[in-house]
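A short worksheet on the structure shown next.
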Amino acid sequence: MPRVILSWIALLWISLSCASTVIILTGLFTSAWLRRVETVESRRFTECPSNIYPSLIFPIYPELSEKVISTDSKASDSPSIGPWFRCQLACTTARNVWPFTWSTSTNQMMRCQLALRGFGDRPAQANALTWTSAVLYLTGSVLLCISTIMVLFTICKRNICDRSMHSFTGAIQGLSDILLVAGLIIWPIGWDSVTIREVCGGSVGPYAKGNCSLGWGPVAVGVGVLLLFISSLLAGAADKSLSTHAATRQMLLDGKTCVFLH
Numbered sequence: 000m001p002r003v004i005l006s007w008i009a010l011l012w013i014s015l016s017c018a019s020t021v022i023i024l025t026g027l028f029t030s031a032w033l034r035r036v037e038t039v040e041s042r043r044f045t046e047c048p049s050n051i052y053p054s055l056i057f058p059i060y061p062e063l064s065e066k067v068i069s070t071d072s073k074a075s076d077s078p079s080i081g082p083w084f085r086c087q088l089a090c091t092t093a094r095n096v097w098p099f100t101w102s103t104s105t106n107q108m109m110r111c112q113l114a115l116r117g118f119g120d121r122p123a124q125a126n127a128l129t130w131t132s133a134v135l136y137l138t139g140s141v142l143l144c145i146s147t148i149m150v151l152f153t154i155c156k157r158n159i160c161d162r163s164m165h166s167f168t169g170a171i172q173g174l175s176d177i178l179l180v181a182g183l184i185i186w187p188i189g190w191d192s193v194t195i196r197e198v199c200g201g202s203v204g205p206y207a208k209g210n211c212s213l214g215w216g217p218v219a220v221g222v223g224v225l226l227l228f229i230s231s232l233l234a235g236a237a238d239k240s241l242s243t244h245a246a247t248r249q250m251l252l253d254g255k256t257c258v259f260l261h
C-alpha cells in the first residue's frame, strides 16, 4: 500500500506548482497580449454592418456618425494577438473565414486563428523570432505539465531511479521556467512580424507596441513564471521536510500509511 507523507512545505509546494501551471497556461492560450487601440476611423472599416452603415448614412455629418458608432461599440471588439492565437469579436452576420469560431450569448461571434506564419513572410527575421518564442513557450508548457504530474505523484512516491523525485521535479520546473522567461524576452523583439503589424499597425517594432495596448496575458504569464520559480526552489525544502526521523518512525514503528508532519 502506498504511504503518503505530507508537510506544510510540501503542501505549499504542491499548491504553488498547480497554481503556476493554471495561470501560465491560461495566459498562453489567450490572445489578450496586444490589443489594438481602436479609433472612430478604424471602426468604420470593420466587418460588422452596424459599424459600416452609419458612415454611409451620414457621410456629410461625421460627428453624427461618430455618435452612432460609439453607441454600438458592443457590435465588435478590437483585434488582439498573442504568441499562439489572434482573435476578434464580430457580428454573427460577418463572413466566417477563420478556423476557430463560436457564438457568444450576446449574439456575437468570436473568431480566432493561429498567430504564426511561415518563415518566408517578410520581415523574415521578425517572423523567425515569433516562431522561436512560440516554440519556447510550447516546450516550456510541455515540461510544466510533466512537472505538475510529477508533483502530484510525489504525494505517494518519493524516489525515482534511486533519486529524489522532489529534486528531479524541481529541476524540470527550473528548466521550464527558463524557457518561459526566454519566450517572454524574445517575443516582443519579434513584434515587427507580419501578423502583429496587421493588428498593431506599421509603427510597431521591437518592444514598440505601435497602435496597441498591453493586455493581461503577459502579466498572467509573468506572475505564473514567478510562482514557478518559487516552486522550483521549494522542491528541495519539501524533500528535506519529509526526510525526517519522525516520519520514518511513524511509518515503521506506528504502522501509519498517512503521515502529516507539522
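Here numbering that gives the first Met the number 0 is used: the first residue of the sequence shown is 0, the next is one more, and so on. Cβ coordinates follow ideal geometry from the N, Cα and C atoms, glycine included.
CA-to-CA distance, residue j to residue i, given in whole angstroms
{"i": "residue 228", "j": "residue 203", "result": "31 Å"}
{"i": "residue 172", "j": "residue 6", "result": "20 Å"}
{"i": "residue 128", "j": "residue 185", "result": "7 Å"}
{"i": "residue 61", "j": "residue 79", "result": "The predicted model places residue 61 with a pLDDT of 45, which falls under 50 and marks its position as unreliable; any figure quoted below should be read in that light. Rounded to the nearest angstrom, the two C-alpha atoms are 27 Å apart."}
{"i": "residue 221", "j": "residue 180", "result": "8 Å"}
{"i": "residue 72", "j": "residue 143", "result": "At residue 72 the pLDDT is 43, less than 50, meaning the model places this residue with poor confidence and gives no usable figure here."}
{"i": "residue 13", "j": "residue 135", "result": "24 Å"}
{"i": "residue 19", "j": "residue 201", "result": "35 Å"}
{"i": "residue 240", "j": "residue 4", "result": "10 Å"}
{"i": "residue 154", "j": "residue 238", "result": "11 Å"}
{"i": "residue 88", "j": "residue 198", "result": "13 Å"}
{"i": "residue 111", "j": "residue 132", "result": "20 Å"}
{"i": "residue 235", "j": "residue 151", "result": "15 Å"}
{"i": "residue 28", "j": "residue 214", "result": "13 Å"}
{"i": "residue 31", "j": "residue 160", "result": "42 Å"}
{"i": "residue 15", "j": "residue 149", "result": "14 Å"}
{"i": "residue 117", "j": "residue 126", "result": "Note that residue 117 scores a pLDDT of 48, beneath 50, so its modelled location is shaky; the value from the coordinates is reported in the next line. Taking the straight line from one Cα to the other gives about 8 Å."}
{"i": "residue 156", "j": "residue 108", "result": "47 Å"}
{"i": "residue 193", "j": "residue 212", "result": "18 Å"}
{"i": "residue 8", "j": "residue 17", "result": "14 Å"}
{"i": "residue 140", "j": "residue 162", "result": "24 Å"}
{"i": "residue 233", "j": "residue 224", "result": "14 Å"}
Element boundaries [beta strand (DSSP E), containing residue i]
{"i": "residue 35", "result": "33 to 35"}
{"i": "residue 212", "result": "211 to 213"}
Nearest neighbour of residue i, chosen from the options [CA to CA]
{"i": "residue 86", "options": "34, 196 and 224", "result": "34"}
{"i": "residue 170", "options": "188, 181 and 147", "result": "147"}
{"i": "residue 182", "options": "217, 160 and 153", "result": "217"}
{"i": "residue 196", "options": "159, 115, 29 and 3", "result": "115"}
{"i": "residue 226", "options": "175, 201 and 240", "result": "175"}
{"i": "residue 37", "options": "16, 82 and 77", "result": "77"}
{"i": "residue 11", "options": "230, 215, 241 and 194", "result": "230"}
{"i": "residue 158", "options": "30, 242, 16 and 8", "result": "242"}
{"i": "residue 130", "options": "213, 83, 215 and 160", "result": "83"}
{"i": "residue 138", "options": "152, 233, 236 and 178", "result": "178"}
{"i": "residue 113", "options": "81, 141 and 140", "result": "81"}
Enclosing alpha helix (DSSP H) for residue i [first to last residue]
{"i": "residue 24", "result": "7 to 28"}
{"i": "residue 241", "result": "216 to 241"}
Cβ of residue i within 7 Å of any chain B Cβ
{"i": "residue 189", "result": "No chain B is present in this structure, which holds just one protein chain."}
Contact test: residue i Cβ vs the ligand COA heavy atom, cutoff 6 Å
{"i": "residue 185", "result": "Annotation note on the ligand COA: not contained in the displayed structure, which lists no ligands."}
Next on the checklist: Counting beta carbon pairs with one atom in the stretch 11 to 25 and one in the stretch 182 to 190, are three or more of them shorter than 8 Å?
Outcome noted: no
Next on the checklist: Would the stretch 149 to 169 count as touching the stretch 204 to 212 if we require 3 or more Cβ pairs under 8 Å?
Outcome noted: no
Next on the checklist: In chain order, what are the residue ranges of uninterrupted alpha helix (DSSP H) at least 4 long that sit wholly in the stretch 156 to 203?
Outcome noted: 164 to 188 and 193 to 199
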